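Okay, so here's the structure we're looking at.
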Amino acid sequence: MQQWRPQQIGRNHEDRRRTELMVRRSAAPECRSRFVRSSGTAALREARRSMGKTNRRQKQKRDSRARSQNTFRNLETPEAAMMRAILSRALTPSRRRIEARANVARRFESWRLNPALPQPGSSIALDDTGFSESITKNVTEQPVLHHALFPAMSAAENLTTVVHLVDQWDATGELRTSSIIALCRSALESASRTVWILSEVDRDERRNRALRVTKDEVLAQKKYVEEQIKRIDAGGISATDGQYAELEEALTAAKDVLDELSDVKHALKFDQTIERAAQWIDENMPNPSVKPMADLSKSMYAIASGITHGYTWATNYLHGTTDLSNIVADFLYAAATTTEAAVALYESQASATSTIAENCPPHLRDAAERLHRIFGAATADPTTQPATGPSSSAPHGSAEATAHC
1 MQQWRPQQIG RNHEDRRRTE LMVRRSAAPE CRSRFVRSSG TAALREARRS MGKTNRRQKQ
61 KRDSRARSQN TFRNLETPEA AMMRAILSRA LTPSRRRIEA RANVARRFES WRLNPALPQP
121 GSSIALDDTG FSESITKNVT EQPVLHHALF PAMSAAENLT TVVHLVDQWD ATGELRTSSI
181 IALCRSALES ASRTVWILSE VDRDERRNRA LRVTKDEVLA QKKYVEEQIK RIDAGGISAT
241 DGQYAELEEA LTAAKDVLDE LSDVKHALKF DQTIERAAQW IDENMPNPSV KPMADLSKSM
301 YAIASGITHG YTWATNYLHG TTDLSNIVAD FLYAAATTTE AAVALYESQA SATSTIAENC
361 PPHLRDAAER LHRIFGAATA DPTTQPATGP SSSAPHGSAE ATAHC
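Residue numbers (full-length UniProt numbering): 1 to 405.
What follows is the structure, encoded as structure tokens:
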């Protein structure tokens, strides 16, 4: 048996104490109490085991984050985009319908910023002749143009934005269907208002419908101005004397206009406007390959309104990707078709001759020329009396006026 010398025993004991001290300093806090009762060798093994587990957990987290990042990056590769394009068209038949209707909406890209202006002697130019000074001074000199053109341009803007979202589907894998539905709903509302105003053959009724919209808009403006004045008076917001005077002047003007339009009815609500526009499209611009617009627009608008306002009841009718894609395809068709009707009506009535302006989208020129033969036929100037309400030929409350509601 080996004989230990005193200096060897002392040196070995000192080494063990030094090792234990190093282990205590390097060990995790939760393990230190164990090391106090453990020998240096056992403590060292346990410390290495504990630190190894910690390192493995950290490595697993790093690897998991790296895999997530790589997966996200892989979704944007050309190969992933190609696979999405193939699978989505194979598994979702309505995808092709969505693309076909997005291509229709794409044609409004140039028109939305550059529509034709009404030519002298055109139907719209004649419609806007003879309004009272109160309307032309306090609201607009061209009520029919004012309330017919901007909604159509707004609808075209929303639809071309939908096109950009649809074009990104394959590249990003993000459908953004709620945003698409909200944009289509807005386009349907705006375009339907243009159709409702311009689809009436009788000039006096078109002028009357423009006044009905004017009344509703002035009412909304009056409410806003009154609220601003109340907030200033209460100290909620500050305003200079000049700004306060402008608000009071706007309020006085709004009251004058509303007094003059007291006998004019309000405009139709949006759901009623959409229904009337759809009926006109079915009668004048039908598409035999799809269901009637009157049925489609009403149901699509109800679901889209629920989704846009965040109501959960609408989700009861969205069972998976197929149903959602079908709704997007149908609603995009309803919005694009109504916008086509609005643009064709406007371009046909903005031209003084049968030659439609080049601003009109090419695929709508034939429809605009056909509509011009209807609306351009009445070239006589309207009455020179100021238009402040329903026309004399269709007095307020008469059967004819009721038929035009």
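A virtual CB, placed ideally from N, CA and C, is assigned to each residue, including glycine. Please read all numbers here as calculations on a predicted model, not as lab measurements.
Endpoints, alpha helix (DSSP H) assigned at LYS265 | Within the sequence shown, the letter at position 265 stands for residue 265. No alpha helix (DSSP H) holds LYS265; DSSP gives it neither H nor E.
Spell out a yes or no on whether the segment 351-364 and the segment 203-222 are touching, meaning 3 or more CB-CB pairs, one atom from each, closer than 8 Å.
-> no
Alpha carbon to alpha carbon, what distance is there between ALA191 and HIS146?
-> Numbered from its first residue, the sequence shown carries residue 146 at position 146. Numbered from its first residue, the sequence shown carries residue 191 at position 191. Those two C-alpha atoms are separated by around 14 Å.
For ASN138, I'd like the list of residues in its chain whose CB is within less than 7 Å of its CB, leaving aside the five on either flank, ordered along the chain.
-> Stepping through the sequence shown from its first residue, residue 138 is reached at position 138. Only ALA253, ASP256, VAL257 meet the Cβ criterion.
Alpha carbon of ARG276 to alpha carbon of TRP196, nearest angstrom | As a first step, residue 276 must be located in the sequence shown, where it is residue number 276. As a first step, residue 196 must be located in the sequence shown, where it is residue number 196. In a straight line, the C-alpha of ARG276 is about 7 Å away from that of TRP196.
Three or more C-beta pairs closer than 8 Å, one from the segment 301-317 and one from the segment 119-127: is that the case here?
-> no
The alpha helix (DSSP H) spanning GLN108 covers which residue range?
-> As a position in the sequence shown, residue 108 is number 108, starting the count at 1. For the record, residue 108 in the displayed sequence is Phe; it is not Gln. Neither: PHE108 is in no alpha helix (DSSP H) and is coded neither H nor E.
Could you say if the segment 95-103 and the segment 125-142 meet the contact criterion of at least three C-beta pairs nearer than 8 Å?
-> no
Alpha carbon to alpha carbon, how far is SER134 from THR384? Give it in angstroms, no decimals.
-> Numbered from 1 along the sequence shown, position 384 holds the residue referred to as residue 384. Numbered from 1 along the sequence shown, position 134 holds the residue referred to as residue 134. Note that THR384 has pLDDT 41, beneath the 50 cutoff, so the model's placement of it is unreliable and no number is given.
So ARG209 is in the alpha helix (DSSP H); what residue range does that whole segment cover?
-> Position 209 of the sequence shown holds residue 209. Looking at the DSSP string, the run of the alpha helix (DSSP H) that includes ARG209 is 203-233.
How about the segment 367-374 and the segment 222-239: do they share at least three Cβ pairs that are nearer than 8 Å?
-> no
Going along the chain, which residues of its own chain have a beta-carbon closer than 6 Å to the beta-carbon of ALA341, five neighbours each way excluded?
-> As a first step, residue 341 is located in the sequence shown; it is residue number 341 there, counting from the start. Cβ within range, chain order: VAL195, ILE281, MET285.
Residues in its own chain within less than 6 Å of ALA250 by CB, not counting five upstream and five downstream?
-> Stepping through the sequence shown from its first residue, residue 250 is reached at position 250. The answer, listed in chain order, is VAL225.
Determine the DSSP secondary structure at PRO382, reduced to helix, strand or coil.
-> Translated into the one-based positions of the sequence shown, residue 382 becomes position 382. Confidence at PRO382 is low in this model, with a pLDDT of 46, below 50, so its placement is unreliable and no value can be given for it.
Residue interval of the alpha helix (DSSP H) (run including VAL139) | Residue numbering aside, residue 139 sits at position 139 when the sequence shown is read from its first letter. Segment: none, VAL139 is in no alpha helix (DSSP H) and carries neither H nor E.
Alpha carbon to alpha carbon, what distance is there between THR161 and GLU246?
-> Numbered from 1 along the sequence shown, position 246 holds the residue referred to as residue 246. Numbered from 1 along the sequence shown, position 161 holds the residue referred to as residue 161. Taking the straight line from one Cα to the other gives about 36 Å.
In its own chain, which residues sit with a C-beta less than 7 Å from the C-beta of GLY267, not counting the 5 before and 5 after it?
-> Taking the first residue of the sequence shown as position 1, residue 267 is located at position 267. It should be pointed out that residue 267 corresponds to Ala in this sequence rather than to Gly. Once the five neighbours on either side are set aside, the close Cβ partners of ALA267 are ARG212, VAL213, ASP216.
Does the beta-carbon of HIS164 have 16 or more other beta-carbons within 10 angstroms, so that it is buried, or is it exposed?
-> One-based indexing of the sequence shown puts residue 164 at position 164. Under this definition HIS164 is an exposed residue.
Can you grab the Cα-Cα spacing for the pair LYS59 / ARG65, in whole Å?
-> For the purposes of this step, residue 59 is taken as residue 59 along the sequence shown, with counting starting at 1. For the purposes of this step, residue 65 is taken as residue 65 along the sequence shown, with counting starting at 1. Looking at the two C-alpha atoms, the distance is approximately 10 Å.
Same chain, Cβ closer than 6 Å to ILE356, five either side skipped, listed in chain order = Taking the first residue of the sequence shown as 1, we reach residue 356 at position 356. Here the set comprises GLU347, ARG365, ALA368, GLU369.
In chain order, what residues of the same chain have a beta carbon less than 7 Å from the beta carbon of MET153, not counting five sequence neighbours either side?
-> Your numbering for residue 153 matches position 153 in the sequence shown. So the qualifying residues of the chain are ARG112, PRO115.
For SER186, collect the residues of the same chain with a Cβ closer than 8 Å to its Cβ; drop the 5 residues on either side in sequence, then sort them by chain order.
-> The residue labelled residue 186 in the question sits at position 186 within the sequence shown. Hits under 8 Å: SER154, ALA155, ASN158.
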